[in-house]
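One structure is given below, encoded as structure tokens.
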Amino acid sequence: MNLSKEYVDIYNEYLKFINEVEKDIKAINKIERNVLKRNHIATEEEIKAIEEEKIIEEEKNILKKSGNKIYNFSNGDVYIGKMEDCKMNGKGSYEFRISDEVSIKYTGNFKDNMKDGYGTCVFANGNIYTGNFQKDMMNGIGKIIYKNEDEYIGNWQDNQKYGMGIYKWKEGCIYVGEFKNSKMEGYGVCYDKDGKLIYDGEWKNNLIHGQGTYIWEEGKKYEGEFMHGKKHGQGIFYLNNELVYEGTWKFDKPSIFNRSLEEIFSLKF
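No gaps in the numbering here: position 86 of the sequence shown is 87 in the working numbering, and each next residue is one more.
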């Protein structure tokens, strides 16, 4: 890859964090296997007390800080881990049953019944997120691998890609830049599958928008304004590294006096 050193360093920092998360997840998976092997199942009384939130003093003492157990809830959900103060706290796994065949599974850290800290979540659609959670939401640095094999690694805010991040398509093309509400928005660069720079500039709503430079191949490029993914506004076009046209563009075509070059050349004088 011909990615600039700056972007490679950013990627390596993100990857270093994800590796730490994965180490924590492996330790939790080991705990889960041991609990399942021992078949340490919570009693019906414990489950009922948790579900109904009617904890009598005796049950409160039992559930105040219990060891790792398997909690089979009446709705089909399964939690494996510790209960503290009658809530999921610490390391464990929770499987949300959507149907007999479909579920969502979270493995990681909990705080007061919420996903909080390092964790990984396998969604019902096959997407897998690994990274940081805060108050039940993906927050901080995280990596998601989509079912279609696209990948994103970078910053998250309230379950949305937000801030600096790197998106890699299955085919190998890469976007490095800013995101807002899970869309490419702000400044960003895009590389093809061979690591060659395609575009450097501004984005909005997943489209090239604003000032930027688009490169097709060596010696052929456009520098100027874009709107909704098209060359629009003031721009310069180069071919074989020589300036071919400088002026106004309208929806991907050069425009003179609000007419395309084709329209001008077709006029009969």
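For every residue, glycine included, the Cβ atom is placed at its ideal position computed from N, Cα and C.
- Of the residues assessed, Ile257 falls on the exposed side of the cut-off, its CB having fewer than 16 other CB atoms within 10 angstroms.
- Comparing alpha-carbon positions, the option among Tyr147, Lys116 and Cys191 lying closest to Ile129 turns out to be Tyr147.
- Gly91 and Thr108 have their C-alpha atoms some 11 Å from each other.
- In this structure, Glu186 sits near Phe180, with a CB-CB distance shorter than 9 Å.
- Val36 carries a helical assignment under DSSP once its states are collapsed to helix, strand and coil.
- Rounded to whole angstroms, the gap between the alpha carbons of Tyr15 and Tyr246 is 42 Å.
- By the Cβ-count criterion, Gly248 is exposed, with fewer than 16 other Cβ atoms from all chains shown falling within 10 Å of its own Cβ.
- Within the model, the alpha-carbon separation for Val103 versus Cys122 is close to 14 Å.
- Selection Glu23, Lys70 and Asp117 evaluated against Ile48 yields Lys70 as nearest (Cα-Cα).
- Here Lys144 is actually not in contact with Glu150; their C-beta atoms are around 13 Å apart, not less than 8 Å.
- Distance from the CA of Asp113 to the CA of Asp101, rounded to the nearest whole angstrom, comes to 27 Å.
- Our two residues, Met228 and Asn241, have alpha carbons roughly 25 Å apart in a direct line.
- One thing to note: Tyr223 has its Cβ no nearer than 9 Å to the Cβ of Glu203.
- Nearest neighbour of Asp159 by Cα position, chosen from Tyr12, Gly141 and Met84, turns out to be Gly141.
- Per the C-alpha coordinates, the member of Lys88, Lys27 and Ala43 positioned closest to Glu54 is Lys88.
- Considered as a whole, the segment 92-161 harbours no complete run of any alpha helix (DSSP H) with no fewer than 4 residues.
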